[in-house]
Structures are given as C-alpha cells and as structure tokens.
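Data block below; observations after.
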Amino acid sequence: MSGGGLAALLTALLALAVFSVRALAAVDERNPIGRFGTPLLFGAWVLVFWQALTQAFEVPQVLLPAPSLIGRALVASFGVLMSDFNQTVLHSVLIGLVVGCALGFATGVLIDRSPFLQRGFLPIAALASTVPLIGIAPIMVMWFGFDWHSKAAVVVVMTFFPMLVNTLAGLAESGHMERDLMRSYGAGYWRTLLALRIPVALPFVFNALKVNSTLAMIGAIVAEFFGSPTSGLGFRISTEAARLNMGLVWAAILVAALAGSLLYGLLGWIERRATFWHPSIRTSA
Amino acid sequence: MASTEAVAPRAPIAPGAASSIDAAWARIGPVLAVLAILIALWYAAAVGLNAAQVIERTLSSQPGWGFADLVKLTLSMDRPVLPAPHQIALDLFDSVFGWPLDSPRNLLFHAAVTSSATLLGFVMGTALGALLAVAIVHSRTLERSLFPWVIASQTVPVLAIAPIVIVILGSLGLTGVFPKAIISMYLCFFPVAVALVKGLRSPGVLELELLRTYAASKKHTFWKVRVPASLPFLFPSLRVGIAAGLVGAIVGELPTGAQAGLGARLLTGSYYGNTVQIWSALVMSALLGLALTGCVALAERLLTPGGKR
Amino acid sequence: MRNPPSAAAASTTTVDIQQVSVVYPAAEHTVTALDKVSLTIHEGEFVSLIGPSGCGKTTLLRVIADLEQVTSGNVRVNGLTPQEARLARSYGYVFQAPALFPWRTVLANVCLPLEIHGIEKDAARRTALQHLERVGLKGFEGKYPWQLSGGMQQRVSIARALGFEPKLLMMDEPFGALDEITRDRLNEQLLRLWERERRTVVFVTHSIPEAVFLSSRIVVMSPRPGRIVDVIESDLPADRTLDIRDTAQFTDIAHRVRVALREGHGEH
C-alpha cells in the first residue's frame with residue numbers, strides 16, 4: 001500500500017474511532033451498553049491500531065509484537081502456558097494467599113484482646129507496607145527450595161500485614177450500642193465476636209483480600225524472577241524475554257493479567273454476596 | 001481504637017495522661033516491647049535453624065559439647081541458614097562505614113543507585129498520573145473509555161512487565177538507570193492517577209455551584225477548588241507510589257544481571273549463597289523504603305496548609 | 001447461668017437503688033453523673049426518668065443494666081446485683097437507636113437474644129414471630145432492617161427486647177429519633193402492650209408529654225450533680241388514648257413536671 005494511501009486510511013480510521021467512542025461515551029451511564037461498551041470499544045480500537053501500525057511500519061518483534069503474533073503464540077504454546085498457570089496461580093498464588101490471609105486474620109483476632117499488643121504491632125505492620133518485602137524471595141528459595149513453596153512463602157509474608165491491619169480495623173468497627181446490646185444479653189467475648197464483631201469486620205477483610213490478590217500475583221511472579229524450576233509465569237516471562245521470544249512473553253503476560261483480573265473479580269463477587277448488607281454494596285447494586 | 005468490651009462494663013473515663021512524656025511512652029513502649037520479643041524470637045530461631053549444620057560440621061568432632069557451645073557457634077557462622085541480628089548489623093555497619101562511598105562493597109552505593117532510579121521514576125510517574133487525571137476529569141469521553149482500563153489494570157500484576165521493558169529498552173540502546181526508572185514510573189503512575197481523579201472530582205455540588213455564582217472560569221475552578229480538595233487524596237497515594245516505585249527499581253535490576261543496586265546485591269548474594277549479604281541488602285532496602293516514604297510524609301506535612309491532615 | 005432467687009423473697013420491689021453515686025475522674029475536675037440517688041421501683045410500674053442533658057437519667061438506667069459501674073451505693077434488681085441480673089437475663093434493654101444487625105433478617109434479629117440464651121431454634125422462631133405480631137409487624141419477618149422505616153426498626157428492637165419475656169424492660173429514649181406522628185403511634189402501642197402484660201418499665205425520655213402519657217410515676221432529675229428533684233405520681237385512668245393529652249388532668253400533671261424541671265435547672 002502506498003504511503004499516501006496508508007496515511008489516508010489511518011486518518012479515516014482514527015476519525016471513525018474518535019467519533020464512535022465519543023458517541024458511545026455520551027450514552028447514559030446507567031445503560032449497560034454505554035457503561036461497558038465504551039471501554040470495550042476503546043480497547044477494540046486500540047487493538048486495531050496496534051495491529052495496523054505494527055504491520056504497516058514493520059515494527060520489529062522485539063520492540064512491540066503485533067496482536068496477531070501474540071495470539072498465535074498463545075495458541076501455539078497453550079499447553080506450556082497452562083502448566084505455568086497451574087504452577088504460579090494455582091499453587092504459589094492461591095495457597096500463599098489463603099495461608100497468608102488466614103494467618104493475618106487469626107493474628108488479628110488473637111491480638112484484638114490486648115490493646116497493648118495492638119499498639120505494638122500496628123506501627124510495625126504499617127511500616128511493613130513501605131518495605132520491599134519481595135526482597136525476601138532469595139531467602140525463601142534458600143529455605144524452601146526452588147519449587148512453588150518458596151514463592152508461596154513470599155506471598156504469605158506479603159499478604160500477612162495488610163490482612164492483619166484490616167482485621168484489627170474491622171474488629172474495632174462495631175458500635176458501642178451493639179456491643180452494649182450483646183453485653184446486656186450476658187454474651188461472652190467469643191459469642192460477641194462471632195455474632196457481631198466478625199460480621200461487622202467482613203467488609204474490611206474483603207478489602208484486604210482484594211488488595212492481597214494483586215500483591216499475591218505480583219509476589220509469586222516476581223519471586224520467580226529470582227530463580228525458579230522449569231515452569232511458572234514469571235519464569236516464562238524472564239527466560240523468554242532473554243531469548244527475545246516476545247510473542248510468548250506477551251502471551252504469558254496476557255495470561256497473568258487475565259488471571260489477576262479474574263481472581264479480583266471472583267473475590268468481588270464473593271464480597272457482594274457475603275456483605276450484601278453493607279451500604280456500599282447496597283447502593284452500587 | 002476501641003477495645004473489646006463484651007466482658008468488662010464500660011468503666012468511667014480513665015484519668016487523662018498527666019504529661020506528654022507519659023503519652024509518648026504509651027505510644028512507643030508497646031512497639032519497643034513487641035520489637036524486643038521479635039528479636040528474642042529471631043535469636044531463638046537462628047540457634048534452632050543453624051543447629052543442624054553446626055552439629056554436623058563442627059561439634060560432632062568435639063566430644064562433650066554443651067548448649068553454650070551450640071549457641072556460640074550457631075550465632076557466628078559464615079554461611080548460616082538464618083543469620084543472627086547482630087551479624088547482620090555488623091555486616092551492615094562494616095559495609096557502610098568500612099568502605100568509601102563509591103565502592104561496590106558499600107551498601108550505600110547500591111542504595112544510591114536504586115534510589116536514583118526510584119526517584120526518577122517517581123517524579124515521571126506522578127507527573128504522568130497527574131496529567132492523565134486532569135485529562136480524565138475534564139473529558140467525559142476519556143473518563144468513560146480509558147479510566148475503566150486504568151482501574152482494571154490495578155488488578156493486573158504490572159511488575160510482570162519488568163523483563164520486557166528492560167529488553168525492549170536495551171535493544172534501543174537504553175541501559176542503566178533509565179529502564180529501571182521506566183518500571184518505577186509505571187508503578188507510581190496508577191495509584192496517583194486513580195487517587196487524583198477521585199480527589200479532583202471530590203468537591204461537592206455545593207462548592208462547584210458556589211463558584212458558578214462567581215462566574216468563575218474552568219481554570220479558576222480547577223486551581224481554587226479542585227486542586228486543594230485533591231491534596232488529601234494525593235498524598236497517601238504518593239506514599240504508596242514511592243514504595244511501589246522502589247519495588248519496581250529493585251525488580252528492574254534482576255533480569256539483566258546488573259552489577260549495581262540493591263536488587264543486584266540480593267541476586268548476587270543468592271547466587272553465591274552468602275546469606276548475611278542477602279540479609280544486609282534486605283535491611284538496607286527496608287531502611288531505604290522507610291526513608292523514601294518518610295520524605296514523602298515530611299513533604300506532605302510541609303505542604304499541607306494549616307497542618308490539616 | 002445462675003438461677004435467680006425466688007421471686008417471693010424480693011416481694012414486689014423490682015429495682016432498689018440506694019444512695020448510688022457515679023463519679024468520673026476527669027483531667028480538670030471530676031464529673032458527678034449521679035450524686036447519692038435513691039429510688040425504689042415496684043413490680044408492674046411504668047416509671048419515666050425525665051430531665052435535661054447531663055442529669056444522669058441514662059447513667060441511672062445503664063447502672064441498673066450493669067452497663068456502667070457505680071462508684072458508691074447499692075443497686076438490687078429482683079434481689080440480685082446488676083451483674084447477676086444481667087447474667088440471669090432478667091431484663092430487656094431498648095437503646096436510642098434500633099441497633100439491629102443489618103446482615104440478619106428481622107426475624108433473625110428478634111431471635112438473637114434467644115439464640116444466645118441457648119433456646120432451641122424452632123422454639124426461638126415461634127417466640128420471635130409472636131413478639132413481632134405483638135408490635136404489629138406480622139409479615140415483615142423476612143425483610144432486612146434497611147428495608148424498614150425508622151419507626152418499624154425501633155418496633156423490631158422492642159420485639160427483640162421482649163425476647164425472653166423479661167419482667168423488667170428498660171428503654172433509653174427509644175422514640176427520640178422518630179417524627180412526632182410515628183412517635184405518637186408508638187407511644188400508644190407501648191401503653192397498650194404494658195397494660196396487657198404489666199411488665200415493669202423504666203423509661204428515659206426528654207419529652208414531657210411522652211412521660212406524662214405513658215407513666216404511672218415520673219421521676220424528674222437535674223444535672224450537675226445528677227440527682228432526683230421530684231417524683232410525681234400520675235393518676236391518669238387506664239385504657240387512656242392520646243386524646244387524654246387535651247384534658248385538664250393531663251395538663252396539670254405536665255405542669256407539675258415542668259415546674260420541677262425548672263426548679264432543678266435553676267438551682268445552679
């Protein structure tokens with residue numbers, strides 16, 4: 001295609017893209033077509049231009065592969081990517097997330113009874129979020145070996161503190177009146193915890209769960225950059241990048257991105273069902 | 001923070017703190033106590049985890065050894081499974097004060113390398129995030145088409161892209177600080193953009209209508225109402241952003257076997273099995289993280305009018 | 001859980017308050033919420049505690065309920081200390097706000113005290129449904145608290161307080177947050193309930209018409225320090241309706257309450 005013809009086509013496409021996205025954006029927000037269609041259409045146009053520009057200008061694969069190339073790599077290496085997914089997401093991420101959050105929650109419940117311990121732990125937990133905890137990955141590898149166990153250990157450490165902080169905040173959230181009510185029933189500490197304080201804490205716990213799901217994905221993948229067996233999404237990304245096999249690298253990133261959003265979405269779905277009563281969930285429904 | 005009162009009745013108000021020293025002690029005391037407990041547990045763990053190696057290598061050839069010998073040896077190994085706190089502290093001290101500042105044996109040198117990438121990325125990321133936020137707030141189209149992607153991208157493990165960035169920029173001939181800064185920038189950008197959009201949109205209908213009665217232009221509204229209202233949202237996100245940027249810079253040092261920077265130090269430590277070196281680098285990273293976040297918090301204090309937070 | 005001593009031993013005195021003081025040691029000066037207050041409440045009475053903010057009426061109620069500690073003095077509920085009475089679940093308490101748990105349905109909320117008491121699930125449900133019917137909320141069992149109006153929520157809270165049929169009901173400005181029309185309706189319903197069941201009720205309120213309408217005895221309190229200024233017996237006829245508020249007898253009693261309130265207020 002000649003230079004002039006190409007420029008004309010691209011300009012026309014651009015005009016069409018801008019026009020269509022603006023039109024959809026003007027649709028009323030409550031209409032699902034407007035709400036979901038606009039970002040989706042935007043994304044679709046991005047793909048179109050991505051493909052067109054990389055092909056037309058013959059952008060080297062190393063710099064930016066065309067979507068079609070990524071698609072082909074995804075299909076061709078599907079089995080490999082699925083076993084990577086299994087290693088990283090189903091083992092390192094999920095197991096680490098469950099253990100880390102459970103430990104954080106249990107610790108929160110345990111030190112809830114002691115304001116002294118709370119005052120001691122909370123500043124430390126707050127500081128932990130400013131520290132690059134991912135750095136413990138090599139130490140975990142040294143202790144737990146190269147397999148997913150060391151990555152899960154990294155995830156446990158990273159997810160522990162946000163869950164601890166949020167559990168404590170949630171447990172403090174129940175009102176004086178409700179606690180007096182339980183007291184007037186002669187209810188003891190554990191009964192009040194189960195019937196009142198934990199339900200009230202749930203929105204906070206889910207908040208931490210959602211944040212932790214992202215941290216877990218990052219932790220597991222980056223921990224694999226430090227040294228991994230022969231599978232795992234992080235391993236795949238770093239080794240294929242070193243081999244300049246960019247199609248597969250981007251395909252692996254796509255799988256990681258999808259896994260991350262799906263996990264977050266799943267947690268959001270559970271949250272909406274478990275905390276249906278909370279004003280923030282009620283009004284957004 | 002309320003305490004758990006299902007068992008004890010609400011007692012009459014306790015006497016207020018008699019002096020500010022009491023108040024300060026009440027705040028620091030528990031932290032120090034918990035830290036002391038944690039350090040004690042660390043020592044116990046060090047003895048426990050190193051015991052097997054020590055027994056196998058040294059003590060088995062020394063008949064009649066006692067617990068004191070075990071403790072002494074486990075806390076002074078060359079390549080321990082878990083170094084004792086004082087070993088790490090000594091290594092850190094040696095490295096920082098025992099070598100000139102531009103020597104690769106000095107951890108501060110590595111800290112400087114990593115923090116330069118972090119700060120550069122932080123500045124770029126904040127600027128970009130701010131620009132995007134302003135654009136989104138003023139353009140309905142961008143808000144409906146692009147912003148959902150920005151929010152959704154927060155659920156994606158962005159750091160996975162680090163190796164690609166290094167490779168791509170490397171193939172363009174860009175190495176050193178710049179690729180790492182790009183990764184940091186990418187990580188700072190999201191929390192800042194999301195927080196600023198929220199903050200710039202936070203002024204209520206009342207404030208905005210007030211400015212309309214003054215026939216204020218959009219620019220006026222922006223600078224006099226939206227920007228001040230967005231500051232309480234901006235600063236927490238800056239703290240998150242710089243911490244994320246630090247992680248990005250460290251991770252950026254991993255893929256290409258860089259020689260300088262804390263991430264590189266962690267990596268070489270793990271290659272050579274030098275546990276004390278790994279832990280020192282880790283402690284230095286933690287200190288760097290605290291320092292950077294502290295700087296942002298300090299800036300926040302100085303820049304917030306009236307000290308209101 | 002202990003068994004309370006037999007009712008006969010306590011005769012008809014349900015709540016006995018002797019020289020009770022509650023003092024809060026604050027930084028600059030101590031706050032005397034209650035200053036040697038004495039009061040006896042007999043079985044089946046409807047006693048209102050009325051007074052301005054800070055007069056100690058809520059503190060007194062909470063002391064009886066074992067939600068606050070006395071600094072000195074003696075409180076006996078059915079012959080037991082407040083703590084024993086609380087653990088024996090001898091009373092029901094209604095707060096200023098409904099304090100319903102939003103994750104439980106209306107029925108589940110009313111069942112809450114029964115669950116804690118260890119009552120078997122089906123029996124608890126049946127009892128709860130009965131209580132809901134008594135407060136006029138039959139058919140709303142499956143709703144969630146946020147789906148009901150303020151007045152209805154407070155009615156659920158009362159049904160819940162009736163949970164294990166306590167002889168003593170304590171209510172802390174339960175209708176204060178509602179609009180006047182709803183308030184009137186609920187006052188009437190509460191009076192009918194009391195007449196039917198003759199529980200002992202201790203009722204804290206700000207409102208003179210409410211106190212006069214509902215009570216058999218009105219205790220006027222005043223602040224700084226918290227103390228009882230006057231106790232006014234009400235001889236309004238039973239089976240009264242809201243119309244009685246326009247009669248001379250009602251106005252007379254209300255006037256006496258107002259005078260006592262002004263006295264207490266003017267003393268400092």
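Listed in order, the protein sequences are those of chains E, B and P. Position 19 (the first sequence) corresponds to 19 in the working numbering; numbering is contiguous. Position 88 (the second sequence) corresponds to 88 in the working numbering; numbering is contiguous. Position 41 (the third sequence) corresponds to 41 in the working numbering; numbering is contiguous. For every residue, glycine included, the Cβ atom is placed at its ideal position computed from N, Cα and C.
Residues that residue i contacts on chain B, provided the C-beta gap is smaller than 9 Å
| i | result |
| --- | --- |
| threonine 107 of chain E | Those within 9 Å of threonine 107 of chain E in chain B number zero; the least Cβ separation is about 12 Å. |
| serine 83 of chain E | Those do not exist, as serine 83 of chain E stays about 17 Å from chain B at its closest Cβ, beyond 9 Å. |
| leucine 244 of chain E | Val167 and Ser171 |
Amino acids of chain E, ordered along the chain, whose beta-carbon sits closer than 9 Å to that of residue i
| i | result |
| --- | --- |
| tyrosine 144 of chain P | Phe276 and Trp277 |
| tyrosine 24 of chain P | Correct list: empty, because the minimum Cβ distance to chain E is about 16 Å. |
| valine 276 of chain B | By Cβ distance, chain E contributes nothing, its closest Cβ being about 11 Å from valine 276 of chain B, past 9 Å. |
C-beta contact flag for residue i and residue j at 8 Å
| i | j | result |
| --- | --- | --- |
| leucine 292 of chain B | leucine 246 of chain B | yes |
| glycine 199 of chain B | serine 153 of chain B | no |
| glycine 170 of chain E | phenylalanine 121 of chain E | no |
| proline 67 of chain E | leucine 81 of chain E | no |
| arginine 79 of chain B | asparagine 274 of chain B | yes |
| proline 102 of chain P | tryptophan 277 of chain E | yes |
| leucine 34 of chain P | glycine 226 of chain P | yes |
| tryptophan 194 of chain P | valine 201 of chain P | yes |
| lysine 151 of chain E | glycine 227 of chain E | no |
| valine 222 of chain E | isoleucine 134 of chain E | yes |
| alanine 133 of chain B | leucine 196 of chain B | yes |
| arginine 262 of chain P | phenylalanine 164 of chain P | no |
| glycine 186 of chain E | arginine 86 of chain P | yes |
| valine 220 of chain P | glycine 56 of chain P | no |
| alanine 195 of chain E | threonine 167 of chain E | no |
| serine 222 of chain P | isoleucine 253 of chain P | no |
| threonine 14 of chain P | aspartate 172 of chain P | no |
| threonine 122 of chain B | glycine 263 of chain B | The residue you asked about is not threonine; residue 122 of chain B is phenylalanine in the sequence shown. Cβ atoms of phenylalanine 122 of chain B and glycine 263 of chain B: not closer than 8 Å. |
| leucine 127 of chain E | lysine 210 of chain E | no |
Chain P residues whose Cβ lies nearer than 7 Å to that of residue i
| i | result |
| --- | --- |
| arginine 183 of chain E | Leu67 |
| alanine 172 of chain E | Neighbours of alanine 172 of chain E on chain P: none; closest Cβ ~17 Å, over 7 Å. |
Among the options, the one whose alpha carbon lies nearest that of residue i
| i | options | result |
| --- | --- | --- |
| histidine 42 of chain P | P:Met152, P:Ala238 and P:Ser216 | P:Ser216 |
| proline 39 of chain E | B:Phe93, B:Ala33 and B:Arg144 | B:Arg144 |
| serine 92 of chain E | E:Pro132, E:Glu224 and E:Ile281 | E:Glu224 |
| threonine 241 of chain P | P:Leu214, P:Val257, P:Ile218 and P:Val220 | P:Leu214 |
| valine 77 of chain P | P:Glu188, P:Ala65 and P:Ala238 | P:Ala65 |
| alanine 242 of chain E | B:Leu211, B:Thr304, B:Leu169 and B:Ala260 | B:Leu169 |
| leucine 61 of chain P | P:Arg196, P:Arg126, P:Leu168 and P:Val231 | P:Leu168 |
| isoleucine 88 of chain B | B:Gln277, B:Trp25 and B:Leu303 | B:Gln277 |
| alanine 112 of chain B | B:Gly289, B:Leu298 and B:Glu300 | B:Gly289 |
| isoleucine 151 of chain B | E:Ser280, E:Glu29 and E:Ser261 | E:Ser261 |
| alanine 208 of chain E | E:Pro123, E:Ile70, E:Gly108 and E:Leu69 | E:Gly108 |
| alanine 137 of chain E | B:Leu298, B:Ala297 and B:Leu267 | B:Leu267 |
Beta-carbon neighbours of residue i, restricted to chain E and to distances below 7 Å
| i | result |
| --- | --- |
| proline 148 of chain B | Pro39 |
Residue i CB to nearest heavy atom of the ligand ZN below 7 Å
| i | result |
| --- | --- |
| alanine 297 of chain B | As far as ligands go, the structure on display features none, and thus does not contain the ligand ZN. |
Partner residues on chain D for residue i, Cβ-Cβ distance less than 8 Å
| i | result |
| --- | --- |
| proline 123 of chain E | The structure shown has no chain D; the protein chains it does contain are E, B and P. |
Contacts of residue i in chain P (Cβ-Cβ under 8 Å)
| i | result |
| --- | --- |
| arginine 282 of chain E | Trp146 |
| proline 203 of chain E | Neighbours of proline 203 of chain E on chain P: none; closest Cβ ~11 Å, over 8 Å. |
Contact list for residue i against chain B, beta-carbon separation under 7 Å
| i | result |
| --- | --- |
| threonine 130 of chain E | Ala243, Gly289, Leu290 and Thr293 |
Residues that residue i contacts on chain B, provided the C-beta gap is smaller than 8 Å
| i | result |
| --- | --- |
| arginine 72 of chain E | Those within 8 Å of arginine 72 of chain E in chain B number zero; the least Cβ separation is about 18 Å. |
Interface partners of residue i on chain E, CB under 8 Å
| i | result |
| --- | --- |
| arginine 57 of chain B | Within 8 Å Cβ-Cβ: nothing; arginine 57 of chain B doesn't reach chain E, min ~17 Å. |
query: Per the contact definition of three or more C-beta pairs closer than 8 Å, is the region 239 to 249 of chain E in contact with the region 167 to 174 of chain E?
result: Verdict: no, contact absent.
message = Suppose only complete runs of 3+ residues qualify. What are the beta strand (DSSP E) ranges in the region 30 to 64 of chain E, listed by chain order?
response = Those beta strand (DSSP E) runs which fall completely within the region 30 to 64 of chain E and span 3+ residues do not exist here.
For the pair the region 126 to 144 of chain P and the region 99 to 110 of chain P, tell me if three or more CB-CB distances fall below 8 Å. Between the region 126 to 144 of chain P and the region 99 to 110 of chain P there are three or more C-beta pairs closer than 8 Å, enough to call the two in contact.
Take every Cβ of the region 153 to 170 of chain E, pair it with every Cβ of the region 96 to 111 of chain E, and state whether three or more of those distances are shorter than 8 Å.
Counting Cβ pairs under 8 Å, three or more are found: they touch.
Would you check if the region 228 to 239 of chain E and the region 248 to 261 of chain E touch, i.e. whether three or more CB-CB distances between them fall below 8 Å? The region 248 to 261 of chain E vs the region 228 to 239 of chain E: in contact.
At 4 residues or longer, what runs of the alpha helix (DSSP H) sit wholly inside the region 198 to 262 of chain E?
198 to 225 and 233 to 242, all fully within the region 198 to 262 of chain E.
Exercise for review: Would you mind listing the beta strand (DSSP E) stretches within the region 205 to 235 of chain P that are 3+ residues and don't spill past its ends, in chain order?
Suggested key: Whole beta strand (DSSP E) segments, 3+ residues: 217 to 222 and 227 to 233.
Original post:
Three or more C-beta pairs closer than 8 Å, one from the region 150 to 164 of chain P and one from the region 85 to 96 of chain P: is that the case here?
Top reply: Look at the beta carbons and you see the region 150 to 164 of chain P touching the region 85 to 96 of chain P: at least three pairs across the two are nearer than 8 Å.
* In chain order, which continuous runs of the alpha helix (DSSP H) of length 4 or greater are located wholly inside the region 124 to 168 of chain P? -> Within the region 124 to 168 of chain P, the complete alpha helix (DSSP H) runs of at least 4 residues are 150 to 161.
Practice prompt. Pair every Cβ in the region 236 to 253 of chain B with every Cβ in the region 180 to 195 of chain B, then say whether three or more of these pairs are closer than 8 Å.
Written response: Between the region 236 to 253 of chain B and the region 180 to 195 of chain B there are three or more inter-stretch CB-CB distances shorter than 8 Å, so the stretches are counted as touching.
inquiry  = Contact between the region 153 to 173 of chain B and the region 210 to 220 of chain E is defined here as three or more beta-carbon pairs at a separation below 8 Å; is this criterion met?
reply    = Yes, the region 153 to 173 of chain B is in contact with the region 210 to 220 of chain E.
Problem - Inter-stretch contact at 8 Å, needing at least 3 Cβ pairs: the region 42 to 51 of chain B / the region 82 to 92 of chain B - result: Segments in contact, yes.
Q. What alpha helix (DSSP H) runs, 4 residues minimum, are completely inside the region 33 to 115 of chain B?
A. Here the runs fully enclosed are 67 to 74 and 85 to 98.
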